[in-house]
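Residue numbers (this note's numbering): 349 to 511. We treat Cβ as the ideally placed atom computed from N, Cα and C, and that holds for glycine. Remember, it's a predicted structure, so these values are computed and weren't measured experimentally. Read through the structure below, which is laid out as structure tokens, and then see the notes.
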């Protein structure tokens, strides 16, 4: 990806799939630590806070499990446009609580959730992000571990491999 960084800063994006969005909101709880990182990055996508979009991302953080055909297409697109992709939280890492539905037939789950309108909501078994695309790093937990997330984020911003 040869696109020049805006103001010399890394382009960082946050995406959410099927989840409670607790990991997305949890980021706002350690805003002081994140403020230091904002000197080095431009947040180019974060649905809860902005509508700005970018063509490419230096780092993409992804929360949630992949649970619909449209999620599959979307995560392929995000991966294609990202230099580094980080799975955030247990839903993204292992399918999380959403994967519990995989123990029942998909038709039964759709009937329970959507009733007679189930045909309007295409679905599939809940998958971790890594079952669909290459994930470079994972931050586990429900919600994600704040210290681990900050360590991974800081390491990547500084050009280091998170250990």
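Go ahead and pull the three-state DSSP assignment for residue i.
i, result
"residue 435", "strand"
"residue 352", "Confidence at residue 352 is low in this model, with a pLDDT of 45, below 50, so its placement is unreliable and the value that follows should be read with caution. The answer is coil: DSSP assigns residue 352 none of H, G, I, E or B."
"residue 466", "helix"
"residue 415", "coil"
"residue 440", "helix"
"residue 480", "coil"
Under 6 Å Cβ to Cβ from residue i, same chain only, skipping five residues before and after it: list those, please.
i, result
"residue 503", "510"
"residue 497", "487"
"residue 408", "361, 426, 430 and 433"
Residue i: which of the options sits nearest, CA to CA?
i, options, result
"residue 411", "388, 493, 456 and 507", "493"
"residue 442", "367, 360 and 361", "367"
"residue 304", "363, 375 and 391", "Absent from the structure is residue 304, since the part of the chain shown begins at 349 and ends at 511."
"residue 479", "507, 454, 508 and 424", "424"
"residue 405", "395, 420, 389 and 418", "389"
"residue 435", "371, 359, 421 and 508", "371"
"residue 345", "451, 364 and 449", "What is shown of the chain runs 349 to 511, which leaves residue 345 out entirely."
"residue 373", "395, 506, 422 and 483", "395"
What does DSSP give as the partner residues of residue i in its beta bridges?
i, result
"residue 507", "DSSP lists no partner for residue 507."
"residue 485", "434"
"residue 358", "389"
"residue 492", "489"
"residue 475", "414"
"residue 365", "The partner list for residue 365 (beta bridge, DSSP) is empty, contrary to what the question assumes."
"residue 407", "360 and 432"
"residue 394", "362"
With a CB to CB cut of under 8 Å and the five nearest residues on each side skipped, what residues in its chain are close to residue i?
i, result
"residue 499", "510"
"residue 459", "466"
Exercise. Is the segment 458 to 471 touching the segment 424 to 441, taking contact as three or more C-beta pairs under 8 Å?
Worked result: The segment 458 to 471 is not in contact with the segment 424 to 441.
For this session: Examine the Cβ distances between the segment 466 to 479 and the segment 413 to 427 and report whether three or more of them are shorter than 8 Å.
Result: Touching, per the Cβ criterion.
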